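In the numbering used here, the protein residues as written are 26 to 330.
Here a beta-carbon is modelled for each residue, glycine too, at the ideal position from N, C-alpha and C.
Because the structure is a prediction, the values reported are computed rather than measured.
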């Protein structure tokens with residue numbers, strides 16, 4: 026198995042009731058499933074594979090805030106295929122959901138983990154649910170942070186609710202970006218600006234958008250088009266039945282400003298009433314920015330189960 030290691034930093038760790046542990050901060054390029062992945066590990070403790078959203082973004086939009094969870098867990102960030110610092114030359118036929126799940130499993134095996142917690146944000150939550158459904162015995166904890174809901178129907182309803190919130194002034198702002206030279210030429214900075222305008226609508230406090238890291242690769246427009254191959258896997262998906270069979274503990278977190286949050290949480294509660302459900306006040310789609318202390322407490326206490 027071929028891999029290129031970026032220099033590792035082993036820092037002296039935090040003291041606990043047990044022996045002093047080393048806190049890992051490492052990054053590498055690993056070739057798995059015939060594809061090169063960028064993997065970064067931070068912290069020590071329960072291993073947590075972090076699935077970023079998109080599709081087409083990378084792990085950096087979760088940083089630096091999510092990295093602060095490393096004092097309680099070993100966070101495993103990775104860029105999905107065709108994203109960020111991972112390989113970008115892809116055959117669109119290899120952009121199906123099952124391939125992405127096999128990538129996650131290959132990372133687990135590469136790191137020598139018997140089981141791992143899986144945390145997914147937004148589209149990453151969809152991947153996390155699907156991975157737990159396919160590899161239930163490999164999941165120690167499932168954490169869904171403002172995840173796509175467990176059914177396609179609910180996802181569509183929530184998307185409709187989001188777009189119904191957009192005011193005429195906000196629509197004009199979106200149109201202005203779409204008519205800019207950078208966007209029309211397919212430049213990454215044009216897409217970055219569009220995403221910032223769109224994501225601003227998903228904050229409880231729109232001013233907090235300035236805390237969101239957004240750096241797209243120069244070939245973003247080209248690589249993002251390969252994700253169209255995954256559309257058949259998104260249409261009419263429903264994981265309610267498979268999630269009912271999951272034995273691992275589940276934590277579901279949403280900001281109260283998320284469109285359709287109440288019906289989404291109710292759906293998860295109906296799947297399994299014993300799951301831990303958290304609704305964060307004054308918070309939108311990015312709780313690690315708008316409600317980090319509450320998010321940190323919820324995840325830290327949950328992973329200790």
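Classify residue 97 as buried or exposed, calling it buried when 16 or more other Cβ atoms lie within 10 Å of its own Cβ.
buried
Please work out which residues of its chain come closer than 8 Å, Cβ to Cβ, to residue 316, disregarding the five sequence neighbours upstream and downstream, and give them in chain order.
280, 305, 306, 307, 308
Looking only at its chain, what residues have a beta carbon closer than 8 Å to the beta carbon of residue 273, apart from the 5 residues adjacent to it on each side?
157, 161, 164, 165, 166, 167
Which same chain residues end up closer than 7 Å to residue 240 when comparing Cβ atoms and leaving out the 5 residues on each side of it in sequence?
85
Just the Cα atoms here: how many angstroms apart are residue 229 and residue 312?
10 Å
Assigned secondary structure, residue 281 (DSSP; H/G/I helix, E/B strand, else coil):
coil
Give me whichever residues DSSP pairs with residue 61 in a beta bridge.
56
Quick one: Cα of residue 62 to Cα of residue 82, how far?
14 Å
State whether the segment 61–78 contacts the segment 88–105, with contact taken as three or more CB pairs (one from each stretch) at a distance under 8 Å.
yes
Counting along the chain, where does the alpha helix (DSSP H) carrying residue 135 start and finish?
122–135
For residue 246 and residue 212, what's the separation of their Cα atoms in angstroms?
7 Å
What do you get for residue 210, buried or exposed, if any count of 16 or more other CB atoms within 10 angstroms of its CB means buried?
exposed
Under 8 Å: do the segment 294–301 and the segment 262–278 share three or more Cβ pairs, one atom per stretch?
yes
For residue 76, which residues from the same chain have a beta carbon less than 6 Å from its beta carbon, with the 5 sequence-adjacent residues on both sides left out?
145, 149, 152, 153
What residue range is occupied by the uninterrupted beta strand (DSSP E) comprising residue 220?
Counting along the chain, residue 220 falls outside any beta strand (DSSP E), though it belongs to the alpha helix (DSSP H) covering 213–225.
Have a look at residue 284 and residue 53 and give me their C-alpha separation to the nearest angstrom.
37 Å
Look at residue 226 and residue 191 and say whether their C-beta atoms are less than 8 Å apart.
yes
What does the alpha-carbon distance come out to for the pair residue 46 and residue 88?
Note that residue 46 scores 49 on pLDDT, short of 50, meaning its location in the model is unreliable; the coordinates nonetheless yield the value given after this. So the alpha carbons of these two residues sit roughly 24 Å apart.
Here's the rule: buried if 16 or more other CB atoms are within 10 angstroms of the residue's CB, otherwise exposed. What is residue 78?
buried
Given 7 Å as the limit, tell me if residue 206 has its C-beta closer than that to any heavy atom belonging to the ligand SAH.
Looking for the ligand SAH in the displayed structure turns up nothing, as the structure carries no ligands at all.
One question on the structure: do residue 277 and residue 169 come within less than 8 Å of each other, judged by their Cβ atoms?
yes
Mind checking residue 204: buried by the 16 CB within 10 Å criterion, or exposed?
exposed
Kindly identify the DSSP beta-bridge partner or partners of residue 72.
99
Which residues DSSP lists as bridging residue 290, in chain order:
Bridge partners of residue 290: none, in fact.
Do you know whose CA, among 80, 182, 183, 222, lies nearest residue 201's CA?
222
Less than 8 Å between the beta carbons of residue 248 and residue 107, yes or no?
yes
How big is the Cα-Cα spacing for residue 126 and residue 189?
33 Å
Supposed contact pair residue 122 and residue 155 - C-beta distance, whole angstroms, cut 8 Å:
6 Å
Own chain residues within Cβ distance below 6 Å of residue 60, not counting five before or after
106, 112
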